[in-house]
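Reviewing the structure listed below.
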Amino acid sequence: MLLRRDGVSTQRDLIAQTGSDKAGMVRTVEDLEALGYLSRTPSPTDRRVAHLTLTAAGTEAFDTARRLATDAANDLFAGFSPAELTTLEALLSRFVAPVEPD
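So this is what it looks like as structure tokens:
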């Protein structure tokens, strides 16, 4: 989602933005590259860094997945009123919010 939104990123930035661990991100990037969804281009200023971008196939796969997820969510929540959806969203937001230390 971040690559679709931002166009280009680095593994380090994606790790920071997602809270993922380095090993997990390395595997994910390698898997997406092997599937043809992601390309890595060496940084012209820092050879330790690679710029990550979605390929045309990656963009198409993301857009398809987003459309399917939207359709599934619409089906799943069709029986909820707008007020119920607002309450559900608020409760789920509280559930995933970081806990403030005492």
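All residue numbers for the sequence shown refer to my numbering, where the first residue is 4 and numbers rise by one. Cβ atoms here follow ideal geometry from the backbone N, Cα and C, with glycine treated the same way. Since the model is a prediction, treat every value here as computed from it, not as a measurement.
In the three-state scheme derived from DSSP, where H, G and I count as helix and E and B as strand, residue 55 is classed as strand. Per the coordinates, the alpha-carbon of residue 54 lies some 5 angstroms from the alpha-carbon of residue 13.
Taking all protein chains shown into account, residue 57 has 16 or more neighbouring C-beta atoms within 10 Å of its C-beta and is therefore buried.
Per DSSP, residue 7 is not a residue of any beta strand (DSSP E); the alpha helix (DSSP H) it occupies stretches across 5-9. In terms of Cβ geometry, residue 40 and residue 76 do not form a close pair [threshold 8 angstroms]. Contact between residue 35 and residue 17 fails: their C-beta atoms lie close to 11 angstroms from each other, not under 8 angstroms. Note on geometry: alpha-carbon atoms of residue 8 and residue 66 lie some 11 angstroms from one another. Assigned with DSSP and collapsed to three states, residue 73 falls in helix.
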